[in-house]
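Residue numbers (our numbering): 3 to 133. No residue lacks a Cβ here, since even glycine has one placed at the ideal position from N, Cα and C. It should be emphasised that the depicted structure is a prediction, and the values quoted were computed from it without experimental measurement. Below is one structure, written out as structure tokens; comments come after it.
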């Protein structure tokens with residue numbers, strides 16, 4: 003299998019993860035634990051609205067991934083967002099996470115997947131990284 007084909011599969015997988023978390027878990031509230039996490043970190047008053055906004059942002063992220071527009075910037079942004087979000091959750095609400103503190107391992111595996119797809123599979127020979 004070529005790197006291009008592997009990358010295409012990974013792009014769809016990564017986008018599907020963002021859509022699943024954004025649309026199903028947050029916007030449609032099929033996993034109420036996500037709203038509980040937002041409520042504990044940001045407060046109860048606007049937790050539903052903020053959860054929906056976060057979910058919509060995740061859907062936009064999936065669309066951005068699928069467009070391949072500024073894909074290196076997108077990959078960096080994904081890695082920073084996932085790392086930041088998971089570190090905050092690791093510290094503030096580990097009891098609400100699906101796998102508790104082990105959740106951070108899955109987050110960094112996801113970050114590794116995003117990195118591998120963008121900076122290994124899509125590496126152009128002898129070209130500088132441009133964002």
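Taking C-alpha positions only, residue 79 is separated from residue 23 by approximately 17 Å. In this structure, DSSP gives residue 5 a helical state, which the three-state scheme calls helix.
Collapsing the DSSP output to three states places residue 31 in coil.
Put simply, the backbone Cα of residue 27 is about 17 Å away from that of residue 15. Annotated three-state conformation of residue 72 is coil, per DSSP.
Less than 8 Å divides the Cβ of residue 17 from the Cβ of residue 68.
Using a Cβ distance threshold of 8 Å, residue 103 and residue 110 do not count as a contacting pair.
Between residue 116 and residue 85, the C-beta gap is not smaller than 8 Å, which leaves the two residues out of contact. Rounded to whole angstroms, the Cβ separation of residue 112 and residue 101 is 13 Å, and the two are not in contact under 8 Å.
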